[in-house]
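Let me begin by presenting the structure, written as structure tokens, before commenting on it.
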Amino acid sequence: MSLIYLQGYPESLLAQVRQLIAEQRLGEVLRKRYPEGHAITSDRALYDYALTLKTQALRNAPPLNKVIYDSKIKVMKHALGLHTAISRVQGGKLKAKAEIRVATIFKQAPEAFLRMIVVHELAHIKEKDHNKSFYQLCCHMEPQYHQLEFDTRLWLTEQALRGRES
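Read left to right, the sequence shown gives residues -5 to 160 (this note's numbering).
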């Protein structure tokens, strides 16, 4: 089986994932580790959720103009979420607007996975590239960021096995 969501991880780790899949235990392991879903299913609730995280960790960052679930994001073709900075001329001034879009599949994900996606996209407000500063900022906002990113990729693998991928 191709582990497309886990490309770049060490072969020893991938072997463990393949073992869980062969034993049909991947979903069980994830449900045990992350038993709770979330009730953040509307765009307004997602905006409020992202704004709370931003206020806690990125007080001096530019404002968020829009945070929505986007059914057009296909996890395989894009990322898990998207951050865009839209610049428009209004009057004689250049105005920038920050938008975050999260793949709709995360409405059904455990809250920790949604948090990881939102933290990732919020970090792009300050750091555009996936560099050391970017990941330090992610870990500042969510100390378990790297584990959550890996587990989110495991969850997406399990969703694909069940035919539920976005």
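Note that CB positions come from ideal geometry on N, CA and C, so glycine has one too.
Treat the numbers as computed from the prediction; the structure is a model and nothing was measured.
{"query": "Length at least 4, wholly inside the stretch 28 to 74: the alpha helix (DSSP H) runs in chain order", "result": "37 to 51"}
{"query": "Inter-stretch contact at 8 Å, needing at least 3 Cβ pairs: the stretch 147 to 157 / the stretch 115 to 133", "result": "no"}
{"query": "When E105, Q50 and I94 are compared against H114, the one with the closest alpha-carbon", "result": "I94"}
{"query": "Presumed contact (8 Å Cβ cut-off) between R62 and D37, rounded CB distance", "result": "Before going further, note that residue 62 is Ile rather than Arg in the sequence given. That belief holds up - the Cβ atoms of I62 and D37 are roughly 4 Å apart, short of 8 Å."}
{"query": "Span of the alpha helix (DSSP H), counted from its first residue to its last, around K126", "result": "K126 to M135"}
{"query": "Sub-8 Å separation of I119 and V96 beta-carbons", "result": "no"}
{"query": "Nearest-angstrom Cα separation, counted from R156 out to N125", "result": "33 Å"}
{"query": "Cut-off 7 Å between Cβ atoms - residues of its own chain near L(-3), not counting five sequence neighbours on either side", "result": "L8, V11 and T151"}
{"query": "E93, DSSP secondary structure in three states", "result": "strand"}
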